[in-house]
Amino acid sequence: MKKTSTLSKLYLTVILLVMYLPIFYLIYYSFSSGDTMDGFRHFSWTHYQALFADTRMISIVLNTIIIALLAATLATAIGTSGALLIERIKRRTLRQNVLVLNNILMVSPDVIIGASFLIFFTFLGIKLGFWSVLLSHIAFCIPIVVLMVLPKVKELPQSLTDAAYDLGATRWQAFSQVTIPGIMDGIKAGFFMALTYSLDDFAVTFFVTGNGFSTLSVEIYSRARQGIDLEINALSTVMFLVSLLLVYVYYRFSVKPSSKGGVVK
Amino acid sequence: MAILKFEGVKKQFGDNVILKDINFEIEEGKFYTILGPSGSGKTTILRLIAGFDYPNGGSIYFAGKQINQLPANQRQVNTVFQDYALFPNLNVFENIAFGLRLKRMKKKEIQLRVQEALALVHLAGYAHRELDELSGGQKQRVAIARAIVNRPKVLLLDEALSALDHKLRKEMQSELRQLQRQLGITFIFVTHDQEEALAMSDQIMIINEGLIEQSGSPVDIYDEPLNHFVADFIGESNIIPATMVRDFAVAINGKEFICVDAGITPGEQVEVVLRPEDLDITTVEKGKLTATVDSQLFRGVDYQIMVHDTDGHEWKINSIHKTTVGKQIGITFDPEDIHVMRKNETQAEFDARLESYQGVEA
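The listed protein sequences correspond, in order, to chains A and B.
Under the numbering used here, read the first sequence as residues 728 to 992, first letter to last.
Under the numbering used here, read the second sequence as residues 840 to 1201, first letter to last.
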């Protein structure tokens, strides 16, 4: 392998520094004993103690995680079936149009989606809270899952399902033992993408959370408006570590099996 | 009794007619090859037998029962796919055991059957390999093992060797042939490679544009092609227009030659087939036809020599002896080297004509 040139090394270092500096700045002050980020006093766990004593914050974190897990799971189920059905559409133009409709949801601004959900839920008389947040999260996660799963469905050769039938499988057996394992990489990727989208969504959630229910991003936003509290820094640090763990898990379980098909044993 | 029978089978996709009228019978325990150019409908026939597609007309019988609409998973037929279609998430053992597990066979029995199948394809000891540790040829063997482990009545092979390199393909040809004899089950092999078909089959069916052009043993088809298409498609050939003079005599370029064909109206316009390897180069005086050498190509085993005769017909001659470009030569051949083809003669008519002057044969 060619050695990376000094210039490109420098470039990478600068970019990574610029990207991660604010986060490390935040993390750094989470260990300060002071109440503001004006200057670092001395090391302490105060803000972490405050965070873990803050039951409202803990319950909001749990809410966020529950919403994310539920939304990602359901969106994965719906999105995967969607991708399989889209691939079955025989007419090219119709299939293209369905895909365009799917992609519009991906690119349209969250604020507009959030506002339209708000109008939709109030029109139907659905009380804003857990269910409205969950429903809207599922809705904006589905297109992501479809996009992640569809290429895998396309790659899956027809002969694989034919082979399953040939060996005596019923439709369900062929589906569960051949089709699903065949597109599993896409399903996993879709699930993790949906999970992260749901976890960090602010705009849509902001519109559809009612009184008494909140997710982390909305809560942090409303607290930050009242002045910076270093408890937020502590929370951010914890979340950063959790994300790190998630990324690790994702690469461990999702990327590795797909690279197995390559040259490396 | 025929294990498999097609009766007037038609198949079309939308307006695209693939099979027009397919009739044949397949006997138990033989090696059949469906041979045809790409797009001729040969793979469609296989898919109809396997049950991946259903016919639009006619009937398919399996062991005497009509199976037109019987789903693939209920047929006693297994397929070896062109792209192998091995399940990437399963290892060698699990791929082969797939069909047996669906039948809820006992673990011990599965173990035994898989080992047996692996031994048959010379892959004993590979059971716990992952698929990406296998070469193309080994994957091919796994695909065959996965099919035969279910002990089907008929094994279908769809262009099964086309992805292998030349040497491996030759090896697999003889192995497949041996496997078929060993198992005694019917093999139906689809290919566009005529050499492969001639080497392996008991019976060949030549298909073109959704119709069967000719079926018979490799020797029959090679020596007595029914029409221009078959003569051209199987092997190399010189197809020359001619006129029938009387029984056992045909005129090429106005010159009369003795042949072994009869039963054709005198004066009828026919075509004669002469295989390049049956033609010999001699001196102009000894030759039956006089020709000039146009080109000469060394091919390892022989020379391919292109000549044109005094009437302007092109001839292809395969000879182990060298000649000189531009030289005048004589072409000679034996009466039995000439095969006369009538235009638009069906196989039944051909067989009847053959019987009329040869007595009972073939």
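We treat Cβ as the ideally placed atom computed from N, Cα and C, and that holds for glycine.
If the cut is a Cβ gap below 8 Å, which residues of chain B does residue 1068 (chain A) touch? What the structure shows of chain A is the stretch from 728 to 992, and residue 1068 (chain A) is not part of that stretch, so it cannot be assessed.
Could you tell me whether the Cβ atoms of residue 994 (chain B) and residue 1024 (chain B) are closer together than 7 Å? In this structure, residue 994 (chain B) sits near residue 1024 (chain B), with a CB-CB distance shorter than 7 Å.
With a 10 Å radius around its C-beta and 16 neighbouring C-beta atoms as the bar for buried, classify residue 771 (chain A) as buried or exposed. exposed
At a CB-CB cut-off below 7 Å, which residues of chain B make contact with residue 895 (chain A)? Residues of chain B whose Cβ lies closer than 7 Å to the Cβ of residue 895 (chain A) are, in chain order, 912, 938, 941 and 942.
Quick one: which chain B residues come within Cβ less than 9 Å of residue 889 (chain A)? 886, 889, 891, 911, 918, 920 and 924
Secondary structure of residue 806 (chain A), DSSP reduced to three states: helix
Three or more C-beta pairs below 8 Å linking the segment 895–915 of chain B and the segment 864–879 of chain A: no
Using 7 Å as the threshold, is the C-beta distance between residue 1131 (chain B) and residue 1167 (chain B) below it? yes
What number of angstroms, rounded off, separates the C-alpha of residue 1193 (chain B) from the C-alpha of residue 1106 (chain B)? Approximately 19 Å between the Cα atoms of the pair.
Closest Cβ-Cβ distance between residue 945 (chain A) and chain B: below 7 Å? no
Residues, ordered as in the chain, of the segment 897–924 of chain A that lie near chain B by beta-carbon distance below 9 Å: 897, 898, 900, 901, 904, 905, 908, 909 and 911
By the three-class DSSP mapping on this structure, what secondary structure does residue 903 (chain A) have? Reduced to three states, the DSSP call for residue 903 (chain A) is helix.
Within the same chain, show all residues whose beta-carbon is closer than 8 Å to that of residue 978 (chain B), passing over the 5 residues directly before and after it, in chain order. 923, 925 and 970
Cβ closer than 9 Å: which chain B residues qualify as neighbours of residue 892 (chain A)? 889, 890, 891, 910, 911 and 912
Are at least three pairs of beta-carbons, each pair with one atom in the segment 924–933 of chain A and one in the segment 943–959 of chain B, less than 8 Å apart? As far as the Cβ criterion goes, the segment 924–933 of chain A does not touch the segment 943–959 of chain B, which means the pair count is below three.
Quick check: is the beta carbon of residue 928 (chain B) nearer than 7 Å to any beta carbon in chain A? yes
Close Cβ partners of residue 764 (chain A) (< 6 Å) along its chain, the five nearest in sequence each way excluded: So the list reads 756, once near-sequence residues are dropped.
Distance check for residue 884 (chain A) and residue 831 (chain A), CA to CA, integer angstroms please. 28 Å
Ordered along the chain, which non-local residues of its own chain (more than five positions away) have a Cβ less than 8 Å from that of residue 1176 (chain B)? If we look at residue 1176 (chain B) and ignore the five residues flanking it on each side, its Cβ neighbours are 1113, 1114, 1117 and 1118.
Residue 934 (chain B) and residue 991 (chain B) closer than 7 Å at C-beta: no
Beta-carbon proximity list for residue 886 (chain B), same chain, < 6 Å, skipping 5 on both sides: Same-chain partners within the cutoff: 892.
Leaving out five residues on either side along the sequence, give the residues of the same chain with a beta carbon under 7 Å from the beta carbon of residue 988 (chain A). Legend: pLDDT at residue 988 (chain A) = 41, less than 50; position of this residue unreliable, no value from coordinates given.
Within 10 angstroms of its Cβ, does residue 1200 (chain B) collect 16 or more other Cβ (buried), or is it exposed? Its pLDDT being 45, under 50, residue 1200 (chain B) is placed unreliably by the model, and nothing is read from it.
Run down chain A in chain order and give the residues with a C-beta less than 8 Å from the C-beta of residue 989 (chain B). 894 and 895
When DSSP labels each residue in this structure, what does residue 1178 (chain B) get in the three-state scheme? strand
Assuming residue 1033 (chain B) contacts residue 1073 (chain B) (C-beta within less than 8 Å), just tell me the rounded distance between them. Between residue 1033 (chain B) and residue 1073 (chain B) the beta-carbon gap is near 5 Å, inside 8 Å, which marks them as a contact.
What are the boundary residues of the alpha helix (DSSP H) that residue 735 (chain A) is part of? 733–757
Examine chain E for any beta-carbon lying closer than 7 Å to the beta-carbon of residue 1123 (chain B), and answer yes or no. Judged by its chain identifiers, the structure shown contains no chain E, and its protein chains are A and B.
Excluding sequence positions up to five away, which residues of its chain have a Cβ less than 6 Å from the Cβ of residue 865 (chain A)? Around residue 865 (chain A), the same chain offers 798, 801 and 802 as residues with beta carbons nearer than 6 Å, after the five sequence neighbours per side are excluded.
Determine the extent of the alpha helix (DSSP H) in which residue 870 (chain A) is found, giving its start and end residues. 857–882
Quick check on this structure: which residue in A:824, A:940 and A:970 has the alpha carbon closest to the alpha carbon of residue 854 (chain A)? Checking every option, the nearest Cα to that of residue 854 (chain A) belongs to A:940.
Report yes or no: do the segment 1051–1060 of chain B and the segment 1140–1154 of chain B share at least 3 C-beta pairs separated by less than 8 Å? no
Quick check for students: name the residue ranges of the alpha helix (DSSP H) that lie wholly in the segment 1044–1108 of chain B, counting only runs of 4 or more. Listed in chain order, the complete alpha helix (DSSP H) runs (minimum 4 residues) inside the segment 1044–1108 of chain B are 1057–1062 and 1067–1072.
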